[in-house]
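The working numbering puts the first residue of the sequence shown at 82, with every later residue one more than the last.
So the structure is just underneath, and the comments pick up after that.
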Amino acid sequence: MPTPSAGQFLHNALNRAGLTSRSDGDRGSSYIAIPVGAHGVIMVTGMTGRAKENELDYRPIEHQGWGAVYYPNTEEDESHCTEFYQSADSDLVRDTALVVKAVLGVIAGRSAS
């Protein structure tokens, strides 16, 4: 059985945490999008040892950190966002657990406000 990509590893962790996520991106980047409320979204993307950013489809051994950004309302203003997680952790398992915890914290904080 082939080893899943780092992005698939993150998708699986988000799913286990009860979160819906999908892969998205464009020609220059790829990320995982997690819907938040009616118009918000959290975007998580990875970095590899090749010093490339904004990608998901790399081998777990190449992982060099996750970055996560929250856009509270993509319907009104896509320029307003908050970066809430940035790491340079090459331990995919640990880093993924931490970014999932951070995502859950942002969602919980939004629900409490």
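Even for Gly, the Cβ is constructed at its ideal location relative to N, Cα and C.
* Can you give the Cα-Cα distance for VAL150 and ASP138, rounded to whole angstroms? -> 19 angstroms
* To do: Between the Cα of GLY186 and those of GLY88, GLY109, VAL117, spot the shortest distance and give me the residue it belongs to.
  => Closest option to GLY186, Cα to Cα, is VAL117.
* Asked: Would you call ASP172 buried or exposed, if buried means 16 or more other Cβ atoms sit within 10 Å of its Cβ?
  -> An exposed status is given to ASP172, since fewer than 16 other beta-carbon atoms sit within 10 Å of its beta-carbon.
* Whole-Å CB distance - ALA135 paired with GLY109, under 8 angstroms assumed -> The residue asked about is misnamed: residue 135 is Asn in this sequence, not Ala. Confirmed, Cβ separation roughly 7 angstroms.
* For HIS92, name the three-state secondary structure that DSSP assigns. => helix
* Exposure label - ASP176; buried when at least 16 CB within 10 Å -> Buried, by the Cβ-count rule.
* Assuming ALA178 contacts TYR166 under a Cβ cut-off of 8 angstroms, what Cβ separation, rounded to an integer in Å, is found between them? -> Rounded, the Cβ-Cβ distance is 12 angstroms, inconsistent with contact.
* If you run the structure through DSSP and keep just helix, strand and coil, what is ARG103? -> strand
* To which residues of the same chain is ASP105 closer than 7 angstroms at the C-beta, ignoring the five residues directly before and after it? -> TYR112, ALA114
* Would you say TRP147 and SER168 are within 8 angstroms of each other, going by their C-beta atoms? -> yes
* Please go through the same chain and pick out, in chain order, the residues whose beta-carbon is closer than 6 angstroms to the beta-carbon of HIS120, but skip the five residues on each side of it. => ASN154, THR155, GLU156
* **DSSP-derived helix/strand/coil call for PRO153** => coil
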